[in-house]
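Asks: Below: one structure in structure tokens.
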Amino acid sequence: MSATAGQAQGERGLAERLGLKPGQVVQEIGWDEDVDDELRDSIEDLTGNELLDEESDDVVDVVLLWWRDEDGDLFDALSDAMRALAEGGQIWLLTPKAGRDGHVEPSDIGEDAATAGLSQTSSISAAPDWSGTRLVAPKGRR
């Protein structure tokens, strides 16, 4: 395997860890200079689609929500993010890892997600500086 092929495999693996699939439409909310560009590129590579920005009115399969402690009210952001989701869609909440600027306590994520009507299904290390929390609407509410 060439170095380029190995690199492409590794980048694609980042998006695969999020459970993304080719053809899915992903909206990105909360972009700033500190986001992980390798993860963003891997999502576009795997899905075959460019990330939609937060101004998009399209219905999406996945919302990628970059969130930092100082970004405001997480409940409001989650509620807004749910509006664009297709039936059975999911939100990947990406927050800085513990010890990094903008870290969000897991208890705050759980509380705000539950208040917004979302269930936390998994958490992963999404990138070197970012943790990912997968949030879905319970089946009865979708």
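Numbering of the sequence shown is given in the numbering used here, commencing with residue 1 and proceeding in unit increments. Cβ coordinates follow ideal geometry from the N, Cα and C atoms, glycine included.
Please state the DSSP three-state secondary structure of E105.
Replies: Locating residue 105 in the sequence shown gives position 105, counting from the first residue. The answer is coil: DSSP assigns E105 none of H, G, I, E or B.
Asks: Over the uninterrupted alpha helix (DSSP H) stretch that includes R40, give me the two end residues.
Replies: Here residue 40 refers to the residue found at position 40 of the sequence shown. Per DSSP, R40 belongs to the alpha helix (DSSP H) from 37-47.
Asks: If contacts are defined as beta-carbon pairs under 8 Å, then S123 and G132 qualify, I think. What distance do you get, rounded to the angstrom?
Replies: Counted from its first residue, the sequence shown places residue 123 at position 123. Counted from its first residue, the sequence shown places residue 132 at position 132. Yes, S123 and G132 are in contact; Cβ-Cβ is about 7 Å, under 8 Å.
Asks: Using the Cβ count rule (16 or more neighbours within 10 Å means buried), how would you classify G30?
Replies: The sequence position of residue 30 within the sequence shown is 30, counting from 1. With 16 or more neighbouring CB atoms inside 10 Å of its own CB, G30 falls in the buried class.
Asks: What first and last residue would you give for the beta strand (DSSP E) that runs through D61?
Replies: The count along the sequence shown starts at 1 and reaches residue 61 at position 61. Unbroken beta strand (DSSP E) run through D61: 60-66.
Asks: Taking W67 and V104 to be in contact with their CB atoms under 8 Å, please state how far apart those CB atoms are, rounded to whole angstroms.
Replies: Counted from its first residue, the sequence shown places residue 67 at position 67. Counted from its first residue, the sequence shown places residue 104 at position 104. So it is a contact: roughly 6 Å between Cβ atoms.
Asks: Could you give the DSSP three-state label for G117: helix, strand or coil?
Replies: Sequence index remark: in the sequence shown, residue 117 carries index 117 (1-based). Looking at G117 - three-state DSSP - the assignment turns out to be coil, as it is neither helix nor strand.
Asks: Is the separation between the beta-carbon of L51 and that of E28 shorter than 8 Å?
Replies: Taking the first residue of the sequence shown as position 1, residue 51 is located at position 51. Taking the first residue of the sequence shown as position 1, residue 28 is located at position 28. In this structure, E28 lies closer than 8 Å to L51 by Cβ.
Asks: Could you compute how far the alpha carbon of L39 sits from the alpha carbon of V63?
Replies: Counted from its first residue, the sequence shown places residue 39 at position 39. Counted from its first residue, the sequence shown places residue 63 at position 63. Using only the alpha carbons, I get a separation of about 14 Å.
Asks: For D73, count the other beta carbons within 10 Å of its own beta carbon; 16 or more makes it buried, fewer makes it exposed. Which is it?
Replies: Here residue 73 refers to the residue found at position 73 of the sequence shown. It is exposed - the Cβ of D73 has fewer than 16 other Cβ atoms within 10 Å.
Asks: According to DSSP, simplified to helix, strand and coil, what is L20?
Replies: Locating residue 20 in the sequence shown gives position 20, counting from the first residue. Residue state, collapsed to three classes: coil.
Asks: Could you check where the beta strand (DSSP E) with S79 kicks off and where it finishes?
Replies: In the sequence shown, counting from the first residue as 1, residue 79 sits at position 79. Per DSSP, S79 belongs to no beta strand (DSSP E); it is in the alpha helix (DSSP H), 74-82.
Asks: Could you tell me the distance, in whole angstroms, from the CA atom of R100 to the CA atom of D129?
Replies: In the sequence shown, the residue the question calls residue 100 occupies position 100. In the sequence shown, the residue the question calls residue 129 occupies position 129. For R100 and D129, the distance between alpha carbons rounds to 7 Å.
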